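Chains as they are written, first to last, in this note's numbering: chain A, 981 to 1114; chain B, 49 to 607; chain C, 2 to 325.
All C-beta atoms in this analysis are idealised placements derived from N, C-alpha and C, irrespective of residue type, glycine included.
Computed from a prediction, not measured in an experiment: that's the story for all the values here.
Notes to accompany the following structure.
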Amino acid sequence: MARKIKMIMAKPGLDGHDRGAKLLARIFAEAGMEVVYTGLRQTPEMIVSAAEQEDADVVGLSSLSGVHNYFFPRVVELMKEKGLDDVLLVGGGGGIIPEEDYDSLKKSGMAAIFGPGTPTTEIVSFIENNVRKR
Amino acid sequence: MFDEKVLQKIQAGKDNWDQGPLAKSLSKSPEAKPVFTTISGTPVQRLYTPLDIKELDYDIDLGYPGTFPFTRGVQPTMYRGRFWTMRQYAGFGDARSTNERYRYLLKQGQTGLSVAFQLPTQAGYDSDHPLSMGEVGKVGVAIDHIDDMKTLFDQIPLDKVTTSMTMNAPAGVLLAMYLAIAQEQGVSWDKVGGTVQNDVLKEIICRGQYIYPPKQTMRLTVDLIEFCQKNVPKWNSISISGYHIRESGSTAGQEMAFTIADGIAYTQACIERGMAVDSFAPRLSFFFNAFTNVLEEVAKFRAGRRYWAKVMKERFKAKDPRSMMLRYHVQTGGVTLTAQQPLNNIVRVALQSYATALGGAQSLHTNSYDEALCLPTQQAVTVALRTQQIVAEESGATDTIDPLAGCYYVENMTDRIEAEIDDYIKKIDAMGGTLAAIEQGYIQKEIQNSSYRFQKEIESGERIYVGINRYTMEEPPPTGLLKVDMSVGEIKAAELRNYRAQRDQAKWKAALDKLRQVSATNENVMPYVVEAVKAKATVGEICDVWRGVFGEYRPKEFI
Amino acid sequence: MSIDYAAQILAGSHRAAARLISWLEDEDERAYGLMAGLYPHTGSAYVVGITGSPGAGKSTLTDKLARVIRKNGLKVGIIAVDPSSPFTGGALLGDRVRMNELTQDPDIFIRSMATRGFLGGMAKSTAEVVKVLDALGKDVIIIETVGVGQDEVDIIGIADTTCVVLVPGLGDAIQSMKAGIMEIADVFAVNKADKQGADQLCGEICARLEIDSHIKERDWTAPVNRTIAVEDIGIEELWLSIESHRKYLFDSGRFYTNRRERTSRETLRMIHAELFRVIREQLEKNGRLDAAVEELMNKKRDPYTLMREIVNEWLSISRHKETS
Ligand SMILES: Nc1nc2c(ncn2[C@@H]2O[C@H](COP(=O)(O)OP(=O)(O)O)[C@@H](O)[C@H]2O)c(=O)[nH]1
Ligand SMILES: [Mg+2]
């Protein structure tokens, strides 16, 4: 049986804007991935437990309320604590994540932050090219 | 509207044009696209003529402003009497800084307030709750208790302004605080005017700020409506919102249809509570989006007004014309704004405001051009307010009522959107009503599909969006963005600790116990919520009481 | 390294279990050695299947049921299956949304699985995954089936107790009776009992059970529970029903016979799968499959003779080996 990329799509924090997250979940599934949508109001702890139990290859974080600088690094940190360091962590939040934050987020361990208007095909191929081997 | 002879003549003329000048032109140079569609994906014809509104009956379908079916507007004089209320949604950081922004806006000619609350407050958590970490003061003002609210409205006379509060599952708590403050200011409740969103169904459909299971949260909604009907007669006890439905990807027709479906559910629930329809329906208000396709938006508003009037008259047997009026606030489309070339957003907002004016709204929030990037800066807020002032004062849209009536295209589209609404309502009725349709994910899936289609159109280049897939350019990163001080959270947490320690514990506990006890019965909870906030219970504490009684809700996510 | 994983799973490592499950899903060779090591440590978990049409409230019930089971001090494993798209092979796994709060409990393990083209309401490796969770130390394992069709009877092959969820107002009972879903229930949950028609539905089910009992002697009659999963009502009672079914299985000796049947069936299934895999691999590798298909397409040969020919070849190889 061919391997499938397993992905967690999560919305950390209290932000309810899930249009983008849902759209991407659908597009990733159409690209052949198995996408676990965890829905809203995820704490970093919840996201990381889900990643662990699902043996996720990729964790996608979407946040549009401006709390990315708090949440994303926290997820990275907990992932490391659990030894899940080979999981690809990607994030997005439209224009709400200012470009000046990209560097520090990447330094903290996010593999990529996708800016506003990034074509979804680009996101899909980034994941396909950078996902771990299991 | 036209007699048979006239129509025949027009048909003949059109046939001539089709086969003559048009055919000739098309053979020389084809049109730019095989199909033209609105942003909602509705096909648009090359030309509209009287033939496309053959069925229109002026008296029945349009009538006159302020009279049934209100297609042309809900007031007899519309903006010739007075403009819509200019109401900018604002709030960030702590109550003190938001209060300053409010007083600035009022000085600039804004005529109403609209409170943006932080997400923890909307989700019923205090600022020091673990889930509030990182969120305090971020997208709205942090209000944990009545003293925060007092600061928020410091030096703002509550009998002079009207206030809109975007608050849903915990709506009663924040309204109770507002009312308690009015009392302190010496303003009696019958003089207090404003709106509380109180629309929990759309939270489940698309906005995500739900707390309790549907039945229980609807009970709180109806409690609030009933309480206002008896005690706060000028208060709009619900603002049934299509805005967020549109933001989450619906078409214009779906926005109107699903909002009306929600409206039907609330009306039904109030009637089941034992309220006479004309006793509460005049205080039902609505909230819609405005996108950049001006004519489609105008048609949407007109179709919505006509359909709602019929629903209230025919389905719910309302007698009072005010019960049949679709009165609504508009906010320009947040998702239409681009982070790329943000100044272009000013133009989008101008067109959207123009659509709103032509459509006959009762109040308007214009987005700031930098909103795709951050919370609006003072400069951007000022431009946004000026935009609607220009539309009101200079564009001429306000000089005559419903200026686009009779436009073949707009009337045709009005009819088409009304038919779309009717289709949806019939389907939803057949499913067992709005709650059932939500539970089965029908409404959510319809919205998701539209959202998906739009995304595909953008990515394939089939639909052009300026600055996104055409006319793009390299830009330096934007500067001068508003940053919320991350320390608000810590300050708030410390302040809360103090607040809880210093209040009269016995009084506080008694108020919450009483509320808990009443919540488990059928009695209206609102009077007890007012007592609880006066006894200094916090938003999170009151919401926790209900979490205990009602349980928490996790809706199914439909993708 | 593989030995390490087995030990880790026995010591309760969620991470190791998660990885082994992925290998099972992928039919990765590395899984089987580990499974062999875990096998002696399986058999003690109690398996509950939850089935019913989509939207019946299976996920919500699973979430609430898991909480009740935890209150009883038992550890819980949850397997939630959703369908894969036959077109893209991808899947949206949404059941976890309803169980989010459970994620924080270290004694609960939730795994979402896609069917990957497997029919019958489960993923192909579901039975293996049950063993992993069993070895991981979970006392009760809940399987939430897909719920797309009415043909999800495979669950009874894996679950000790099968709970069928029905809801009022959808003509559910009649549909299920037609499809034979009624027969697989050890316990019924009439969920959404807050809706109109719950009484009627309970009545219909009871009447049906009554008729059945005349046709076929049964020593267990499925209890009918009303639940309102969203409001957490009736869940304790549902658990009691499951418990009493479990007690019945033990007292009557059915538990042992069922498990024995299951072991036999699983063994046969595994042999079948492995045999097929080996033959297929061989045929694909040496180009014989391609050649044969070509001939079949040209009608030079027929698949019936070909099939016998290939099977006989394999049988003679093994017979030859045996006798030599
Ligand atoms: N009214 C009502 N709705 C319920 C009940 N249980 C679940 N639901 C709703 O039914 C829908 C489907 O639930 P879900 O658990 O996802 O169903 P599944 O597809 O069978 O897993 C959701 O919207 C739930 O909130 C109940 O007891 N009463
Ligand atoms: Mg489910």
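**Q.** Buried or exposed (CB count within 10 angstroms, at least 16 for buried), tyrosine 576 of chain B
**A.** For the purposes of this step, residue 576 of chain B is identified with residue 528 of the second sequence, where counting begins at 1. Buried, because 16 or more other Cβ atoms sit within 10 Å of the Cβ of tyrosine 576 of chain B.
Q: May I ask you to list, following chain order, the residues of the region 63-96 of chain C that have a beta carbon less than 8 Å from some beta carbon of chain A?
A: Ser85, Ser86, Thr89, Gly90, Gly91, Ala92, Leu93, Leu94 and Gly95
Q.
Counting only Cβ pairs nearer than 7 Å, list the residues of chain A close to valine 1 of chain C.
A. In the structure as shown, chain C starts at 2 and stops at 325, and residue 1 of chain C therefore has no counterpart that could be examined.
Q.
Against chain C, does isoleucine 607 of chain B count as a neighbour if the rule is that its beta carbon must be under 8 Å from one of theirs?
A. As a first step, residue 607 of chain B is located in the second sequence; it is residue number 559 there, counting from the start. Yes, because at least one Cβ of chain C sits closer than 8 Å to the Cβ of isoleucine 607 of chain B.
Q | Shell residues, 6 Å Cβ cut-off relative to heavy atoms of ligand 2 | A | C:Lys59, C:Ser60, C:Asp96 and C:Glu145
Q. Going along the chain, which residues of its own chain have a beta-carbon closer than 6 Å to the beta-carbon of methionine 2 of chain C, five neighbours each way excluded?
A. The sequence position of residue 2 of chain C within the third sequence is 1, counting from 1. Here the model assigns methionine 2 of chain C a pLDDT of 47, short of 50, so the residue's position is not dependable, and the following value carries that caveat. Excluding positions up to five away in sequence, the list is empty.
Q) Using a beta-carbon distance below 8 Å, is methionine 2 of chain C in contact with chain A? A) Within the third sequence, residue 2 of chain C is the residue found at index 1, counting from 1. For methionine 2 of chain C, the predicted structure reports a pLDDT of 47, less than 50, and the residue's modelled location is therefore unreliable. A value from the coordinates is still provided. For methionine 2 of chain C, the answer is no, since every Cβ of chain A falls outside 8 Å of its Cβ.
Q. Between the Cα of isoleucine 438 of chain B and the Cα atoms of B:Trp132, B:Glu419 and B:Tyr112, which residue gives the shortest distance?
A. Taking the first residue of the second sequence as position 1, residue 438 of chain B is located at position 390. Answer by Cα proximity: B:Trp132.
Q.
Using C-beta distances below 8 Å, list every residue in its chain close to alanine 199 of chain C, excluding the 5 sequence neighbours before and after it, in chain order.
A. Within the third sequence, the letter at position 198 stands for residue 199 of chain C. Contacts found: Pro169, Val191, Lys193 and Arg227.
Q: Determine the extent of the alpha helix (DSSP H) in which glutamine 123 of chain B is found, giving its start and end residues.
A: Looking up residue 123 of chain B in the second sequence gives position 75. Looking at the DSSP string, glutamine 123 of chain B is not in any alpha helix (DSSP H), and its letter there is neither H nor E.
Q. List, in order along the chain, the chain A residues whose C-beta lies closer than 7 Å to that of methionine 181 of chain B?
A. Residue 181 of chain B sits at position 133 when you count from the first residue of the second sequence. Chain A residues near methionine 181 of chain B: Tyr1050.
Q.
Quick check on histidine 273 of chain C: buried or exposed, where buried means 16 or more other Cβ atoms within 10 Å of its Cβ?
A. Locating residue 273 of chain C in the third sequence gives position 272, where the first residue counts as 1. It is exposed - the Cβ of histidine 273 of chain C has fewer than 16 other Cβ atoms within 10 Å.
Q) Can you list, in chain order, the residues of its chain whose CB lies under 6 Å from that of serine 325 of chain C, leaving out five sequence neighbours each side? A) Stepping through the third sequence from its first residue, residue 325 of chain C is reached at position 324. In this prediction, serine 325 of chain C has a pLDDT of 47, which is less than 50 and means its spatial position is unreliable; what the coordinates show is noted afterwards. Result list for serine 325 of chain C: empty, nothing under 6 Å.
**Q.** Closer than 7 Å: isoleucine 229 of chain C CB and nearest ligand 1 heavy atom
**A.** As a first step, residue 229 of chain C must be located in the third sequence, where it is residue number 228. Yes - ligand 1 has a heavy atom lying nearer than 7 Å to the Cβ of isoleucine 229 of chain C.
**Q.** Reduced DSSP category for glutamate 218 of chain C - H, G, I as helix; E, B as strand; rest coil
**A.** Position 217 of the third sequence, counted from the start, is the residue given in the question as residue 218 of chain C. Note: glutamate 218 of chain C maps to coil in three-state DSSP.
Q: Apply the 10 Å Cβ neighbour rule to threonine 89 of chain C and answer buried if 16 or more other Cβ atoms are within range, or exposed otherwise.
A: Working through the third sequence from its first residue, we reach residue 89 of chain C at position 88. Exposed.
**Q.** Own chain partners of isoleucine 1007 of chain A with C-beta closer than 6 Å, once the 5 adjacent residues on each side are dropped
**A.** As a position in the first sequence, residue 1007 of chain A is number 27, starting the count at 1. Counting only Cβ-Cβ distances below 6 Å, and skipping sequence neighbours, we find Thr1100.
Q. Per DSSP, what kind of secondary structure is lysine 986 of chain A in: helix, strand or coil?
A. To locate residue 986 of chain A, count along the first sequence from 1; it is residue 6. Three-state result, lysine 986 of chain A: strand.
**Q.** Cβ distance (whole Å) where lysine 250 of chain B is taken to contact serine 289 of chain B below 8 Å
**A.** Working through the second sequence from its first residue, we reach residue 250 of chain B at position 202. Working through the second sequence from its first residue, we reach residue 289 of chain B at position 241. Their Cβ separation, rounded to whole angstroms, is 5 Å, which keeps lysine 250 of chain B and serine 289 of chain B in contact under 8 Å.
Q.
Applying the 10 Å Cβ sphere with the 16-neighbour rule, what's the burial state of glutamate 466 of chain B?
A. Here residue 466 of chain B refers to the residue found at position 418 when the second sequence is read from its first residue. Buried.
Q: Pull up the DSSP beta-bridge partners for tyrosine 376 of chain B, would you.
A: Numbered from its first residue, the second sequence carries residue 376 of chain B at position 328. According to DSSP, tyrosine 376 of chain B bridges with B:Phe334.
Q. Once you ignore the five residues that flank tyrosine 291 of chain B on each side, which residues in its own chain have a CB closer than 7 Å to its CB?
A. Position 243 of the second sequence, counted from the start, is the residue given in the question as residue 291 of chain B. The residues are Phe335, Phe336, Asn337 and Gln379.
Q. With a CB to CB cut of under 7 Å and the five nearest residues on each side skipped, what residues in its chain are close to leucine 421 of chain B?
A. As a first step, residue 421 of chain B must be located in the second sequence, where it is residue number 373. Excluding sequence neighbours, leucine 421 of chain B sits near Ala387, Pro390, Pro526 and Leu529.
Q: Could you tell me the boundaries of the beta strand (DSSP E) in which tyrosine 47 of chain C lies?
A: For this step, residue 47 of chain C is matched to residue 46 along the third sequence. Residues 47-53.
Q: Please determine, among A:Leu1020, A:Leu1068 and A:Glu1102, the residue with the shortest C-alpha to C-alpha distance to methionine 1090 of chain A.
A: Here residue 1090 of chain A is taken as the residue at index 110 of the first sequence, counted from 1. Among A:Leu1020, A:Leu1068 and A:Glu1102, the Cα nearest to that of methionine 1090 of chain A is on A:Leu1068.
(Q) 8 Å is my cut-off, CB to CB: does alanine 115 of chain C come that close to chain A? (A) Residue mapping note: residue 115 of chain C aligns to position 114 of the third sequence, counting from 1. With 8 Å as the cut-off, alanine 115 of chain C counts as an interface residue toward chain A.
Q: Keeping to the same chain, check which residues put their C-beta closer than 6 Å to that of glutamine 203 of chain B; ignore five residues upstream and five downstream.
A: Residue numbering aside, residue 203 of chain B sits at position 155 when the second sequence is read from its first letter. Result list for glutamine 203 of chain B: empty, nothing under 6 Å.
**Q.** Complete alpha helix (DSSP H) runs within the region 132-194 of chain B (minimum length 4 residues, chain order)
**A.** 143-155 and 167-170
Q) Which of the three DSSP states, helix, strand or coil, is assigned to lysine 196 of chain C? A) As a working mapping, residue 196 of chain C is identified with position 195 in the third sequence. Three-state result, lysine 196 of chain C: coil.
**Q.** Residue of B:Ile252, B:Gly256 and B:Asn64 minimising C-alpha distance to leucine 167 of chain B
**A.** Locating residue 167 of chain B in the second sequence gives position 119, counting from the first residue. That would be B:Gly256, whose Cα lies nearest to the Cα of leucine 167 of chain B.
Q: Just mark phenylalanine 84 of chain B as buried or exposed, buried being the case when its beta carbon has 16 or more other beta carbons within 10 Å.
A: Start at 1 with the first residue of the second sequence, and residue 84 of chain B comes out as number 36. By the 10 Å Cβ count, phenylalanine 84 of chain B comes out exposed.
Q) For serine 23 of chain C, which residues in chain A fall below 8 Å Cβ to Cβ? A) Along the third sequence, one-based indexing puts residue 23 of chain C at 22. Here the neighbours are Lys986, Asp1035 and Arg1114.
Q: Classify lysine 1113 of chain A as buried or exposed, calling it buried when 16 or more other Cβ atoms lie within 10 Å of its own Cβ.
A: On the first sequence, residue 1113 of chain A is found 133 positions in, with the first residue counted as 1. Lysine 1113 of chain A is exposed by the Cβ-count criterion.
Q) Can you list the residues of chain A that histidine 15 of chain C reaches, using a CB-CB cut of under 7 Å? A) Counting from 1 along the third sequence, the entry for residue 15 of chain C is found at position 14. Here the neighbours are Glu1032 and Gln1033.
Q | Residue ranges of each beta strand (DSSP E) within the region 349-397 of chain B, 3 or longer | A | Qualifying beta strand (DSSP E) stretches, in chain order: 376-380.
Q) Using the rule of at least 16 other Cβ atoms within 10 Å of the residue's Cβ for burial, across every protein chain shown, is threonine 1023 of chain A buried or exposed? A) As a working mapping, residue 1023 of chain A is identified with position 43 in the first sequence. Result: buried.
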